[in-house]
Amino acid sequence: MKTEANGDNGTIKVGNTQKPSSSPLQKAQTGSVLKAPEPSSITEPSSAALPFQPQNATSKTTSEKSLPSEAGPARPNLFLPGAKVEELTRNYEKEAPLAEKGKILDLNTSEWRYQSYLINNVKRRIEIYWEFPETAIRNGWQGKVQINFTINRDGSLSNVGVARSSGYPALDDAAVTAIRLAGPFPQFPENFAVENLTIKGQFEYNIRYGPEH
21 MKTEANGDNG TIKVGNTQKP SSSPLQKAQT GSVLKAPEPS SITEPSSAAL PFQPQNATSK
81 TTSEKSLPSE AGPARPNLFL PGAKVEELTR NYEKEAPLAE KGKILDLNTS EWRYQSYLIN
141 NVKRRIEIYW EFPETAIRNG WQGKVQINFT INRDGSLSNV GVARSSGYPA LDDAAVTAIR
201 LAGPFPQFPE NFAVENLTIK GQFEYNIRYG PEH
């Protein structure tokens with residue numbers, strides 16, 4: 021008789037055996053300043069033609085800003101004012117840590133940032149302690165159980181519980197026990213922008229009967 025706990029698609033496996041035995045777990049347009057066309061020639065206006073004469077008058081008697089453009093209305097400035105940028109930055113720094121306080125992942129996550137940690141430091145450790153209970157094998161008990169648990173930044177384990185039962189307490193308990201024995205886990209790498217990870221792990225128990233000899 022072969023026993024296995026399937027680990028595909030978010031589950032872990034217990035290796036096959038030929039007889040009932042315990043098997044090890046399993047990411048501007050600058051607001052363009054529109055410049056008025058340079059006049060081909062500028063003559064110095066008389067004082068009578070102007071309401072007043074600026075002290076530092078040059079050949080340009082009007083600033084580019086006040087000179088109406090012949091090209092149409094000015095485009096909006098897409099650059100935020102400096103004060104607004106600083107305000108947004110402060111708000112982000114204040115709120116971002118709260119948004120990243122915790123994250124929920126499958127044990128077989130496809131998120132590359134967390135994959136290596138979960139496979140090498142969590143899943144493989146759990147597999148060492150996960151067993152297919154002898155009682156379950158003798159009685160033909162099979163099923164799938166989902167266990168949720170939390171790993172904190174320092175690697176400590178908390179909130180281990182059955183999210184979906186297999187229908188057999190012996191199978192559920194074996195999965196919970198394996199997780200508890202595997203912890204605590206290594207602390208998070210520096211590039212983890214979270215304080216904790218809540219992991220959803222599925223443990224599948226299957227009994228396969230081989231040909232009789």
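For the sequence shown, the working numbering gives the first residue as 21, with consecutive numbering after it.
Positions of the beta carbon are idealized from the N, C-alpha and C atoms, including for glycine.
Nearest-angstrom Cα separation, counted from residue j out to residue i
| i | j | result |
| --- | --- | --- |
| A202 | G230 | 31 Å |
| T16 | A213 | It is not possible to answer for residue 16, since the shown part of the chain is limited to 21 through 233. |
| D192 | E106 | 52 Å |
| W150 | Y188 | 16 Å |
| I167 | R228 | 24 Å |
| A194 | F223 | 10 Å |
| F205 | L127 | 14 Å |
| Q207 | N140 | 13 Å |
| P153 | A190 | 7 Å |
| T234 | L177 | Outside the modelled stretch of the chain, which goes from 21 to 233, sits residue 234, for which no answer is possible. |
9 Å Cβ cutoff met for residue i and residue j
| i | j | result |
| --- | --- | --- |
| W161 | S186 | yes |
| G175 | Y225 | no |
| Y173 | N216 | Rather than Tyr, the amino acid found at residue 173 in this sequence is Arg. Going by C-beta atoms, R173 is nearer than 9 Å to N216. |
One or two residues paired with residue i in a DSSP bridge
| i | result |
| --- | --- |
| V182 | I167 |
| G238 | Missing from the structure shown is residue 238; the chain here goes from 21 to 233 and no further. |
| N141 | Paired residues: none, contrary to the question. |
| L177 | I171 |
Counted within 10 angstroms of its Cβ, other Cβ atoms place residue i as buried (16 or more) or exposed
| i | result |
| --- | --- |
| I219 | buried |
| T129 | buried |
| G221 | buried |
| I124 | exposed |
| I171 | buried |
Would the region 123-133 and the region 177-196 be scored as touching if the rule is three or more Cβ pairs under 8 Å? no
Would the region 143-153 count as touching the region 189-207 if we require 3 or more Cβ pairs under 8 Å? yes
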